[in-house]
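A.B. asks: Just so you know, the protein sequences line up as chains H and B, in that order. Here the first sequence is numbered in UniProt numbering, starting from 1 and rising by one per residue. Here the second sequence is numbered in UniProt numbering, starting from 1 and rising by one per residue. We put the beta carbon where it would ideally sit given N, CA and C, even for glycine. These numbers were taken from a predicted model, which means no experiment stands behind them. Below are the structure tokens for one structure; questions will follow.
2 protein chains.
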Amino acid sequence: MATGRPHRPATRSRGIPEATVARLPLYLRALTALSERSVPTVSSEELAGAAGVNSAKLRKDFSYLGSYGTRGVGYDVEYLVYQISRELGLTQDWPVVIVGIGNLGAALANYGGFASRGFRVVGLIDADPELAGRQVAGLTVLHSDELERVVEENGVSIGVIATPAGAAQQVCDRLVAAGVSSILNFAPSVLAVPDGVDVRKVDLSIELQILAFHEQRKAGENAAALPEPENGEVTPVEPPATAAVTRGRTDREGQPARPDGGPDSDGGTDSAPAVMPA
Amino acid sequence: MATGRPHRPATRSRGIPEATVARLPLYLRALTALSERSVPTVSSEELAGAAGVNSAKLRKDFSYLGSYGTRGVGYDVEYLVYQISRELGLTQDWPVVIVGIGNLGAALANYGGFASRGFRVVGLIDADPELAGRQVAGLTVLHSDELERVVEENGVSIGVIATPAGAAQQVCDRLVAAGVSSILNFAPSVLAVPDGVDVRKVDLSIELQILAFHEQRKAGENAAALPEPENGEVTPVEPPATAAVTRGRTDREGQPARPDGGPDSDGGTDSAPAVMPA
DNA sequence: GTATCTTTGTGCACGCGTTCACAAGGGCAT
DNA sequence: ATGCCCTTGTGAACGCGTGCACAAAGATAC
Numbered sequence: 001m002a003t004g005r006p007h008r009p010a011t012r013s014r015g016i017p018e019a020t021v022a023r024l025p026l027y028l029r030a031l032t033a034l035s036e037r038s039v040p041t042v043s044s045e046e047l048a049g050a051a052g053v054n055s056a057k058l059r060k061d062f063s064y065l066g067s068y069g070t071r072g073v074g075y076d077v078e079y080l081v082y083q084i085s086r087e088l089g090l091t092q093d094w095p096v097v098i099v100g101i102g103n104l105g106a107a108l109a110n111y112g113g114f115a116s117r118g119f120r121v122v123g124l125i126d127a128d129p130e131l132a133g134r135q136v137a138g139l140t141v142l143h144s145d146e147l148e149r150v151v152e153e154n155g156v157s158i159g160v161i162a163t164p165a166g167a168a169q170q171v172c173d174r175l176v177a178a179g180v181s182s183i184l185n186f187a188p189s190v191l192a193v194p195d196g197v198d199v200r201k202v203d204l205s206i207e208l209q210i211l212a213f214h215e216q217r218k219a220g221e222n223a224a225a226l227p228e229p230e231n232g233e234v235t236p237v238e239p240p241a242t243a244a245v246t247r248g249r250t251d252r253e254g255q256p257a258r259p260d261g262g263p264d265s266d267g268g269t270d271s272a273p274a275v276m277p278a
Numbered sequence: 001m002a003t004g005r006p007h008r009p010a011t012r013s014r015g016i017p018e019a020t021v022a023r024l025p026l027y028l029r030a031l032t033a034l035s036e037r038s039v040p041t042v043s044s045e046e047l048a049g050a051a052g053v054n055s056a057k058l059r060k061d062f063s064y065l066g067s068y069g070t071r072g073v074g075y076d077v078e079y080l081v082y083q084i085s086r087e088l089g090l091t092q093d094w095p096v097v098i099v100g101i102g103n104l105g106a107a108l109a110n111y112g113g114f115a116s117r118g119f120r121v122v123g124l125i126d127a128d129p130e131l132a133g134r135q136v137a138g139l140t141v142l143h144s145d146e147l148e149r150v151v152e153e154n155g156v157s158i159g160v161i162a163t164p165a166g167a168a169q170q171v172c173d174r175l176v177a178a179g180v181s182s183i184l185n186f187a188p189s190v191l192a193v194p195d196g197v198d199v200r201k202v203d204l205s206i207e208l209q210i211l212a213f214h215e216q217r218k219a220g221e222n223a224a225a226l227p228e229p230e231n232g233e234v235t236p237v238e239p240p241a242t243a244a245v246t247r248g249r250t251d252r253e254g255q256p257a258r259p260d261g262g263p264d265s266d267g268g269t270d271s272a273p274a275v276m277p278a
């Protein structure tokens, strides 16, 4: 998942919990599919199954929006689609700019999921003069100089950053200065923004690293469960050699020593050395 | 953030909280940057700033890994990089396959962030016979028929799905059957997997919809704060016409009526109609 | 009109995650 | 060696999110 990031005290005013907001698009997608199959009503149990969540959670989520169900029957699909769309703000048209038209930016520009839900790409922007003028996804790529103009002329409030990490903060600053107040950031960098600006981050590398963590633990479980040592002298759970062979992984070499002369917590227990990634 | 998804009771065994695991890659990135600048030590305050989190949270996160800091001084950068890398499993080599080499799949294949942290793309797979044989990011695209072979020969345990939604579940099933136990899913669909398989979802459309929700609320705040009505008859917070003009948005038309003959909760209060997205 | 059945909506309790605030601990100056 | 100062590590309190379990409410059959 893209990593969440708070920003405001939470969800204020009408007080729809952030966790619920994050699930609404999921429900909406499932409901849209039902709508296309002309299914008139759906129970919380069915819909929860389609969305991959617990039915109690779904009912509680909907209860924040109001009482849109009918006891003994379920929810009216069309009506619920409308209510959720409205709640999410999808009944409006949201002009979007994408900055950084590399592989990822081009992929985003071509992504059909945007247009289908009220999002309209109105500008593709790149710093490379070579790209300016090229056609991508039916739009002409503009040079960075045009960023402010495009944002202001189209009343853009949502910007997508798909530049390299080094350029992200600068692009972000310019977007914000031009009037953008919501940013979807694909660059692997932490963005500093003023109050009132929302940033959501999607980081492919982080997602993979989280998967690797769980994968490593799974591998460790298949081996004998080591007794837990006490007192901060942590015994690392290393995937045993058998697992490494089984799945064809290879460990690398080199390992920094503990900086001070203090006790090396890995002493004797960590037989699988490593080097830090670039 | 990419939307999280639980699956197992939480983080078991050595008990590093899931939320902490999700932040470790963030710390690692900041530490790597410091390492490249040859900074020897860093305080929790500095590092927290660079990672965009609270310093108390950072210290608590690190406390789950062990006592790696020095009071009065801070943390040794190199040593911490190593410890986090090891904890995340990045000291191993993780072969990865990417299925679905469209715009997004190609972008992922070219993404440098993979290789730099122990992830090695060993297979690009697509169902389109046209693509088979083409070179993408220095690798030859293989046809879907080869999926099982590539997974087994390389001992792949992490798979990336970048196919259209319709193909995702089938691809997922085949990956799992072939031995993959961690999946990063970019397709907008809910994947059903057996126990023991981890799925993380990255959904661009959902991220945008969450931004739209907050953006809509921001617009609503600038107008007069409506008094909250009681009794489930929810008065929608509609961005007033002034805001729409200011930012150049346009509302669409059409709105489903409430299914039963019951009270229309929007009666008189919701002047901004809408249509559901495709 | 009454009884029964189905499904919603929610009160409540529990657990995870965050934050505060401070004691413990190590360096450094004197 | 001693005392001061700085930063870590963590106990405790709080708040959010989840899931259970059930009462409320509408539909349906008779």
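Flag this pair as yes or no: are the beta carbons of H:I161 and H:V99 separated by less than 8 Å?
C.D. replies: If you check the CB distance, H:I161 and H:V99 come in under 8 Å.
A.B. asks: If we define contact as Cβ-Cβ less than 8 Å, is H:Y27 a contact residue for chain B?
C.D. replies: no
A.B. asks: Do H:N103 and B:N110 count as a contact pair if the criterion is CB distance below 8 Å?
C.D. replies: Yes.
A.B. asks: If you measure beta-carbon to beta-carbon, which residues of the region 199-212 of chain B are closer than 7 Å to chain H?
C.D. replies: Hits within the stretch, in order: R200, K201, V202, L204, S205, I206, E207, L208, Q209, I210, L211 and A212.
A.B. asks: Have a look at H:R37 and B:L139 and give me their C-alpha separation to the nearest angstrom.
C.D. replies: 40 Å
A.B. asks: Which of the three DSSP states, helix, strand or coil, is assigned to B:E20?
C.D. replies: According to the sequence displayed, residue 20 of chain B carries Thr and not Glu. B:T20 falls in the helix class under three-state DSSP.
A.B. asks: For chain H, find out if any of its Cβ atoms is closer than 8 Å to the Cβ of B:F119; answer yes or no.
C.D. replies: Yes, B:F119 counts as interfacial toward chain H.
A.B. asks: Could you say which of H:V136, H:V97, H:S55 and H:A107 lies nearest to H:V121 if we only look at CA atoms?
C.D. replies: H:V97
A.B. asks: Measure the beta-carbon distance from B:R117 to H:Q216 and round it to whole angstroms, keeping in mind my assumption that it falls under 8 Å.
C.D. replies: Wrong, their Cβ atoms sit about 13 Å apart, outside the cutoff.
A.B. asks: Hey, B:L26 and B:A51 are a contact pair by Cβ (cut 8 Å); roughly how many whole angstroms apart?
C.D. replies: 5 Å
A.B. asks: Thinking H:E207 and B:V151 are a contact (beta carbons under 8 Å), I'd like their distance in whole angstroms, please.
C.D. replies: That pair is no contact at about 20 Å.
A.B. asks: Comparing alpha-carbon positions, which option in B:L191, B:V136, B:L90 and B:E130 lies nearest B:A106?
C.D. replies: B:V136
A.B. asks: Does DSSP classify H:G15 as helix, strand or coil?
C.D. replies: Annotated three-state conformation of H:G15 is coil, per DSSP.
A.B. asks: With 8 Å set as the bound, which would you pick, yes or no: does the beta-carbon of H:P17 sit closer than that to a beta-carbon of chain B?
C.D. replies: no
A.B. asks: How about B:Y68 and B:Y79: do their beta carbons lie closer than 8 Å?
C.D. replies: yes
A.B. asks: Does the beta carbon of H:Q170 come closer than 8 Å to any beta carbon on chain B?
C.D. replies: no
A.B. asks: At 8 Å on the CB atoms, spell out the chain B contacts of H:L124, in chain order.
C.D. replies: For H:L124, there are no neighbours in chain B by C-beta distance under 8 Å, as the nearest C-beta there is about 13 Å away.
A.B. asks: Out of H:K218, H:F213, H:A192 and H:E130, which has the shortest C-alpha to C-alpha gap to B:E18?
C.D. replies: H:F213
A.B. asks: Work out the CA separation of H:V53 and H:K60 for me, nearest whole Å.
C.D. replies: 12 Å
A.B. asks: When the Cα atoms are used, what is the spatial distance from B:S157 to B:W94?
C.D. replies: 8 Å
A.B. asks: Spell out whether any CB of chain B is found under 8 Å from the CB atom of H:S157.
C.D. replies: yes
A.B. asks: Have a look at the DSSP bridge pairing and note the partners of H:I158.
C.D. replies: H:V96 and H:S182.
A.B. asks: Taking the Cβ atom as the reference point for each residue, do H:R23 and B:L211 lie within a distance shorter than 8 Å?
C.D. replies: no
A.B. asks: To the nearest angstrom, how far is it from the Cα of B:R86 to the Cα of B:F119?
C.D. replies: 14 Å
A.B. asks: Give me the Cα-Cα distance between H:G49 and H:S43, rounded to the nearest whole angstrom.
C.D. replies: 10 Å
A.B. asks: Taking 8 Å as the limit between beta carbons, can you name the residues of its chain near H:V193, skipping five residues before and five after?
C.D. replies: C172, V176, I183 and V199
A.B. asks: According to DSSP, which residues form a beta bridge with B:T163?
C.D. replies: Its beta-bridge partners do not exist; DSSP assigns none.
A.B. asks: In terms of DSSP beta bridges, what is H:V141 paired with?
C.D. replies: H:L124
A.B. asks: Apart from the five residues just before and just after B:A127, which ones in its own chain have a Cβ nearer than 6 Å to its Cβ?
C.D. replies: S144
A.B. asks: Label H:A56 either buried or exposed according to how many other C-beta atoms from any shown protein chain fall within 10 Å of its C-beta, with 16 as the threshold for buried.
C.D. replies: Taking every protein chain shown into account, the CB of H:A56 has fewer than 16 other CB atoms within 10 angstroms, so this residue is exposed.
A.B. asks: What are the boundary residues of the beta strand (DSSP E) that B:G74 is part of?
C.D. replies: G74 to D76
A.B. asks: Using the Cα positions of B:R134 and B:G166, report the straight-line distance between them to the nearest angstrom.
C.D. replies: So the two alpha carbons sit approximately 24 Å from each other.
A.B. asks: If you follow the beta strand (DSSP E) that B:D198 is part of, which residue opens it and which one closes it?
C.D. replies: Element bounds for B:D198: D198 to K201.
A.B. asks: If we define contact as Cβ-Cβ less than 8 Å, is residue 299 of chain B a contact residue for chain H?
C.D. replies: Because chain B in this structure spans residues 1 to 278, residue 299 of chain B falls outside the shown range and cannot be described.
A.B. asks: Starting from H:D61, trace the alpha helix (DSSP H) both ways and give me its first and last residue.
C.D. replies: Under the DSSP assignment, H:D61 falls in the alpha helix (DSSP H) whose first and last residues are S55 to L65.
A.B. asks: Taking all protein chains shown into account, do 16 or more other C-beta atoms lie within 10 angstroms of the C-beta of H:A196, making it buried, or fewer, making it exposed?
C.D. replies: Residue identity differs from the one stated: residue 196 of chain H is Gly in this sequence, not Ala. Counting Cβ neighbours within 10 Å, H:G196 comes out exposed, since fewer than 16 surround it.
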